[in-house]
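Going by the UniProt record's numbering, the first residue of the first sequence is number 1, and it counts up by one from there.
Glycine included, C-beta positions come from ideal geometry on N, C-alpha and C.
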Amino acid sequence: MMLDGVDYTLEMMAEPISATKKKKNKRKFTDEQIKSLEMMFESETRLEPGKKMEVAKELGLHPRQVAIWFQNKRARWKSKQLQRDYTILQQNHSTLASKLESLIKEKQALVIQLQKLNDLLTKQKEKGEAIKSDSEGKLGLPMEKSEHAHGGISDDDSARKMEYFGVEEELNLISMVEPTDGSLTSPEDWRSFDSDGLFCQSGCGYHWWDYWS
DNA sequence: ATGGCGTACCGTGTTACCTCA
DNA sequence: AGTGAGGTAACACGGTACGCC
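If you want it as structure tokens, here you go:
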């Protein structure tokens with residue numbers, strides 16, 4: 001049985017066709033046919049009817065065979081593309097996951113530093129208030145003494161602060177502002193954090209180190 | 001203008017066959 | 001020689017687009 005130069009009975013007719021099972025005249029395309037089809041698929045994944053007829057004639061195939069080959073090729077290409085995309089997504093996910101992990105660790109370290117500093121500030125505030133009330137009790141006057149009155153911080157004061165906080169912790173003061181729940185990330189939270197006067201930057205008339213004496 | 005019909009094509013899933021380890 | 005897995009041509013089916021009447 002010859003069809004456009006192709007013998008479709010090859011290999012297939014050795015076995016009788018069963019009544020229930022439809023026998024397919026399946027024959028593998030030649031390397032040359034596949035090569036030509038692949039080249040065409042690279043330039044266009046769909047064939048126009050005219051082009052399909054032309055290709056079929058050129059390769060000695062039925063137009064239907066060419067159409068089916070392109071359909072199957074598109075399906076195979078899509079499947080492989082999905083696999084490639086999946087691999088890329090997996091790699092991206094892995095990279096992001098490791099970055100997230102290191103960021104979480106970094107955050108935890110910062111939170112611990114922040115809590116430590118908050119404890120120090122609370123203790124210092126309590127200590128300052130105790131001294132203040134003690135002085136008022138003795139003199140019967142509000143406390144006026146500060147380094148402002150003397151014209152600045154003494155070397156003695158600076159040394160005492162360093163001794164208390166340590167140089168590194170003092171340098172990191174600005175960055176230690178985020179609690180575990182992230183509740184200080186909004187402007188409102190910043191105001192509330194500042195409202196106890198610990199971080200009053202201007203117009204307060206005194207600073208936290210005023211309580212050192 | 002609209003709806004019915006036939007045709008061609010597509011995507012998706014399945015089947016049947018071939019090849020190879 | 002027999003067999004199972006993987007590849008693939010061919011098919012089935014449902015959906016869509018288009019032209020014609």
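Residue i versus the options, residue with shortest Cα-Cα distance
i: Glu44; options: Gln71, His62, Thr87; result: Gln71
i: Ser36; options: Glu58, Arg27, Lys28; result: Glu58
i: Trp69; options: Leu100, Ile104, Thr30, Ser102; result: Thr30
Contact belief for residue i with residue j at Cβ below 8 Å, rounded distance in angstroms
i: Val66; j: Leu89; result: Not really, about 34 Å apart at Cβ, beyond 8 Å.
i: Leu61; j: Gln33; result: 7 Å
i: Phe41; j: Lys80; result: About 13 Å separates the two Cβ atoms, so there is no contact after all.
Nearest-angstrom Cα separation, counted from residue j out to residue i
i: Leu117; j: Thr95; result: 33 Å
i: Lys107; j: Gln124; result: 26 Å
i: Asp85; j: Arg27; result: 33 Å
i: Leu120; j: Gln83; result: 56 Å
i: Ala97; j: Ala75; result: 33 Å
i: Lys105; j: Thr87; result: 28 Å
i: Ile131; j: Ile112; result: 29 Å
i: Leu110; j: Ser133; result: 35 Å
i: Glu129; j: Leu114; result: 23 Å
i: Thr122; j: Lys99; result: 35 Å
i: Lys78; j: Glu38; result: 15 Å
i: Leu103; j: His93; result: 15 Å
8 Å Cβ cutoff met for residue i and residue j
i: Pro49; j: Ala56; result: no
Close Cβ partners of residue i (< 7 Å) along its chain, the five nearest in sequence each way excluded
i: Glu52; result: Here the sequence assigns Lys to residue 52, which means Glu is not the residue at that position. The residues are Pro63, Val66, Ala67.
i: Glu54; result: none
i: Glu101; result: none
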